[in-house]
Each structure stands twice: as C-alpha cells, then as structure tokens.
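Each protein sequence line maps, in turn, to chains Z and W.
Throughout the first sequence, residue numbering follows the numbering used here, covering 87 to 364 in sequence.
Throughout the second sequence, residue numbering follows the numbering used here, covering 87 to 364 in sequence.
Number of protein chains: 2
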Amino acid sequence: MAGSYTVRRVKVAIQGERGAFSHQAASELMPKTDVLPCARSVEVFDALDYLQANCAVIPVENTLAGPVGEHLDLLCEKDVFILRELRLRIEHNLIAAPGVTLKDLRQVFSHPVALDQCRNFFRQHIEIEPVAFYDTAGSVKHVMASCLSDAGAIASRQAAEEYGGKILQSGLEDDKQNFTRFFLIQKKKKIVPNADKTSLVFSLKNVAGALFKALSVFALRDLDLSKIESRPVRGKPWEYMFYVDVLRGEDEAMRKALDHLGEIAGFVKVIGDYPRAK
Amino acid sequence: MAGSYTVRRVKVAIQGERGAFSHQAASELMPKTDVLPCARSVEVFDALDYLQANCAVIPVENTLAGPVGEHLDLLCEKDVFILRELRLRIEHNLIAAPGVTLKDLRQVFSHPVALDQCRNFFRQHIEIEPVAFYDTAGSVKHVMASCLSDAGAIASRQAAEEYGGKILQSGLEDDKQNFTRFFLIQKKKKIVPNADKTSLVFSLKNVAGALFKALSVFALRDLDLSKIESRPVRGKPWEYMFYVDVLRGEDEAMRKALDHLGEIAGFVKVIGDYPRAK
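Rendered as structure tokens:
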C-alpha cells in the first residue's frame, strides 16, 4: 500500500494492481479520481480507517464464480457504508508489447480464474501455453516490464492502457454473461435522494423457522428481495450471517421492517442505501 | 487421474493428492478403501460416470472460508446422490523429513489458505519463510521427495503418514473452530434407514416474495432448515440457485413439502437423504 499521508485529492482504494478490473470499476464509479492500489483486501478497509483514501471500490459477486466472501465479511465487520453499486461486464483482452503479433506468442500469462474463463482461445491456439500469474493486471505489467517478445497477458482494457500494451484480441472469455458487481464504499453514512435499494446483514437466533420469520418481515410488507447470501460466523461453527438486498430505499415500510427484524435477529446492520444499478 | 479401467475393489475418488484433507475424510467415511486422487473437481465426478470409482468424497463448506461453490454447482449439474455427511476438524501439522528439527527450518511450504490459517506460528518464527504451494499434501510430498533438510510443510496427519514425514508440531492453526463438511456421494440413489436430513436445490420464478414462498413450504410443516446457500446461475446473470438442508428424512411431510415447492420453484432436485453428522 502507498504511504501513510492523509488525503489531499480524492483517492479510491482498490485491491490489486493499477489496471485491475477494480480499477476499471473505480474509473466508472468515480471518474477523474486517482486509485490507491492495495495488495490485500483488508488494507483497502484500513486505507479508509487511516484516511489514506476517501472511498474504496470492492467486488462483491461475480455471475460465474459467485460471492467474494472475504469482502462480505469485511463489510459486516468494518464501519463502512455503500454509496453506489456497479455491474461491470468482465471482458478479457489478449495484450502484448507493441510490435508483437498473435503469431509470435508462445506463452500467455494471467490469473488462473481468467485463464480458465478463456479455454476456447487456448484450444484454438495449442501452440500457446497458459501460465498462471498472481494477478491479471500484474501479468501485463510483467510482460511489458520484461520486454517479452513471445509472451502476452490476459487482462482488462484498462491494464493495456496503464502499461502501454497493445490489445491483439478482445472478448477472449468463453461466456459473455460474465459480470462482476462492485460497491463504492466510504466511512461516512450518506444516502443519495434516489436510493431505492438497501443492503443489510443479520444473524439469527437458533430457533426453528428463524430464517422464514426473518424474511417474513419483508414479505409481509411487500418489500422484495433481489439477493440472499449466507456466510459462516467465525468461532461459531455451523452458524451463519445472512446478507440480504431489499429493493427499497429508507422509508417508513423499510424502517418498520428493520424494527421487526430486530425482534427476530440476534444482530442487524444496514450496510448501505443506494440507487439500483441498471 | 488414474487409468480408465473399471472398478474391482471399492475406490473413493477425491480431489487432490493422497494425504489431502479429502483423503482423511474418505478414510473416516469409508475405512479400508483405496482412494483415487483426481487433479480437478470435475474429474472426481467423471470418475463416477466412467465407473473408475464407486463413490467420491467432496468438501462442501468450511466454517472459516464458507461454501465450496464449484462442488455445489457440480452436485446440481451431475446425476449423484449424497449417502453421508462428515464434519472434519481441520488440524494443521508442521511436517518435515525424519531427523529434521524445528530449529533447522528456514522455509515452510503449504497451500496459501493453510499458510494464512497459521499466521501466529509464522509470527513466532520470523526466521521461517512461508512459501505458497499448490496443495497441502503435495507440499509434504515435495519436501520428502526433494530430501529437504531446511524446509517443512503444513498439512494433515494423513499426509505425514502417506509420505513418511515426521510431525514436528500439531495444532498450528490460529482458530481451532476450523471444520470442513464433506459429502460421501455415489451415482445410485440409496437412503439408509436412519436418514434424517435432506439436501435439495431449487431455482425460483422471478416473482415478488418467491424465496419467502419457497421457504414457507417447510416452515408451514414445521420442517426446520439448517442451512441455505445461493449460487449464481451460469448464463443468467443475477439469477440464483438455492441450496437448502432440511432437518428431516424422506417422509409424508417432506414429500408434501417437495410437491408444494414444485408449485413455486422453476426447478427442484433432491441431492440426498442421509443421517445428520454428530
């Protein structure tokens, strides 16, 4: 993580290198701001605590891989609030140094998940060996810094721009229905006027039908859920936290539902009210 | 994966090397049987399809890390049935070649998740560098095969036995509440007489309050849930499959509940009736 000075201009903390998909999401959510790359997820949240960044952009779920459990856990533990959500189409690009062509390539570096999402490409190019690397953007950085003339990388368009790489081919991913949902978060609670979605997390008392009763507080008030996710509670095996997205902002019905949920749940925390992504 | 002969004696397919935690789980669930190690999870299910193994043992959730999404997806896709469940305490052991002592160690190999679960050990031994390896049991195999005298590995007790390593220290994990839940699965549906737990997966029609209605089929019949998990549906962004465990075997109430669920859900599949783990 970068130095421990306090913020002068707006900085957005992300996990990963410059050019990561989180960087691309940050550029869409907060144009014209600078990113603060952090090696680990917990450092993204620390950057908010220590005022090294004004806000942060974190992935929370992917339509192929599922939830990002570590980020859900941190949203529950840490004192942060969701300002906006974004659904980013994950497009994988084949990137190499300028002058290098597809025919020159013998190796392609990327994160194992990205390599696995581009299997058809490697089936069509059996002369190219996929090589696992710690990070998608980092693989572009590596190819460019080492001036490799027979190797490429798979990463975001942003990574190509960031490190001066050339995109040889776009849309390498096998499944085009590949989206990642990101949250823009900050320390201070703030609700924009058009907020119409609420994310919350709660735990349940260990009684029969507890989850059904918890969901009834929304159903009985015609508040629709778009998502439910469960996460294990550390130190209490086989107990879970439930993360729920409700398609409603902060209004009378929602407040009543949350009061009602407080009667049933052991713990309730609202982690954001924000406008629904298109 | 091993050759494509058909099975003579009982073989249990597992993902990972011999000595992996799945091997330890297989030994507890099916004592005196041989394991068939498979490199990838999908190969474990293929081994059942191609009769290379009679059954398989797969992890489905961990009390610190959460669900094993890939295995939940495969349980839904593939034609298999759960026979039993097991809750295995995950104990990390420091393993080295015989004659090597703790003082000799400068490097310790293991899977990144295992290394991360033993942070206190590395804090107490700053002279030892943690080195990421593809597999816990594989790291023991590596240390033993390379006759390393200044390196150890972190893995299961089974891995030490398997490769002739010596356990230098047990219980390296920071959090003792570290359990993994495993399923014993086979192709043929079979229900043991004392089965009192049912696992199923269903999708929902995209209507308001659909999940609440789905859970009502159990709650209205006093059938208690021990677990709910959601997984993204491939090719249908922001739609989910729901995995539910019901604390009840196959009886009249359960059959009525499943019929009722069929009225509400787009898809319903029972993936097992089995006795609850202690």
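For every residue, glycine included, the Cβ atom is placed at its ideal position computed from N, Cα and C.
Everything numeric in this text was worked out from a predicted model, so none of it was measured.
DSSP-derived helix/strand/coil call for Cys124/Z:
Strand at Cys124/Z.
Looking at Ala296/W: is its Cβ nearer than 8 Å to the Cβ of Ile350/W?
A contact, by the Cβ cut-off of 8 Å.
Whole angstroms are fine: how far does the CA of Leu191/Z sit from the CA of Asp264/W?
The question names Asp, but residue 264/W in the sequence shown is Asn. One C-alpha to the other measures close to 44 Å.
Residue range of the unbroken beta strand (DSSP E) whose run includes Ala218/Z:
Secondary structure note for Ala218/Z: its beta strand (DSSP E) is the uninterrupted segment Glu215 to Ala218.
Minimum C-alpha distance to Pro361/Z - residue among Cys124/Z, Arg104/Z, Arg334/Z and Phe304/Z:
Answer by Cα proximity: Arg334/Z.
Given this structure, state the Cα-to-Cα distance separating Arg320/W from Leu254/W, to the nearest angstrom.
Rounded to whole angstroms, Arg320/W to Leu254/W spans 45 Å at the Cα level.
Closest Cβ-Cβ distance between Ser316/W and chain Z: below 8 Å?
Ser316/W counts as touching chain Z.
Can you give me the Cβ contacts of Ala241/Z inside the same chain, cut-off strictly under 7 Å, excluding the 5 residues immediately before and after it?
Shown here for Ala241/Z: same chain residues with a beta carbon closer than 7 Å to its own, the five before and five after excluded, namely Gly105, Asn179, Ile181, Ser196, Thr222, Ala223, Ser225 and Val226 in chain order.
According to DSSP, simplified to helix, strand and coil, what is Thr222/Z?
In the structure shown, Thr222/Z sits in a helix (DSSP, three-state: H, G or I).
Beta-carbon of Arg320/W versus every beta-carbon of chain Z: anything under 8 Å?
Nearest CB-CB separation between Arg320/W and chain Z: below the 8 Å threshold.
Using CA coordinates, which residue listed in Val199/W, Ala142/W, Tyr329/W and Lys313/W is at the minimum distance from Gln101/W?
Taking only the C-alpha atoms, the option nearest Gln101/W is Ala142/W.
Taking C-beta pairs closer than 9 Å, name the residues in chain Z that Gln101/W reaches, listed in chain order.
Ordered by position in chain Z, no residue passes the 9 Å Cβ test against Gln101/W, which lies about 15 Å from the chain.
Ser302/Z versus chain W: which residues are under 8 Å apart at the beta carbon?
Taking a Cβ-Cβ threshold of 8 Å, the residues of chain W close to Ser302/Z are Phe298, in chain order.
From Phe207/Z to Glu147/W, what does the alpha carbon distance come to, in whole angstroms?
Cα atoms of Phe207/Z and Glu147/W: separation of roughly 32 Å, rounded to the nearest angstrom.
Who are the near neighbours of Ala300/W in its chain, counting only those whose CB is closer than 8 Å to its CB and skipping five residues on each side?
Non-local C-beta neighbours of Ala300/W in its own chain, meaning closer than 8 Å and more than five positions away in sequence, comprise Phe288, Leu290, Phe328, Leu347, Ile350 and Ala351, ordered along the chain.
Pick out whichever of Glu103/Z, Trp324/Z and Ala237/Z has its Cα sitting closest to the Cα of Leu188/Z.
Measuring from the Cα of Leu188/Z, the nearest candidate turns out to be Ala237/Z.
Run down chain W in chain order and give the residues with a C-beta less than 8 Å from the C-beta of Asp132/Z.
Result: empty, since nearest Cβ-Cβ is about 16 Å, beyond 8 Å.
Would Phe353/W be called buried (16 or more neighbouring beta carbons within 10 Å of its own) or exposed?
Looking at its Cβ environment, which holds fewer than 16 other Cβ atoms inside 10 Å, Phe353/W is exposed.
Nearest chain Z C-beta to Gly185/W closer than 8 Å, yes or no?
Judged by the 8 Å Cβ criterion, Gly185/W is not in contact with chain Z.
For Leu201/W, which residues of its own chain have a beta-carbon under 6 Å away from its beta-carbon, when the five flanking residues on both sides are left out?
Setting aside the 5 residues that flank it on each side, Leu201/W is surrounded in the same chain by Pro216, each with a C-beta closer than 6 Å to its C-beta; the list follows chain order.
Based on the DSSP secondary-structure assignment, which residues constitute the bridge partners of Cys162/Z?
In the DSSP assignment, Cys162/Z is bridged to no other residue.
Within 10 angstroms of the Cβ of Ala139/W, are there 16 or more other Cβ atoms? Answer buried if so, exposed if not.
Looking at its Cβ environment, which holds 16 or more other Cβ atoms inside 10 Å, Ala139/W is buried.
Paired residues, beta bridge with Glu248/Z - DSSP:
For Glu248/Z, DSSP assigns no beta-bridge partner whatsoever.
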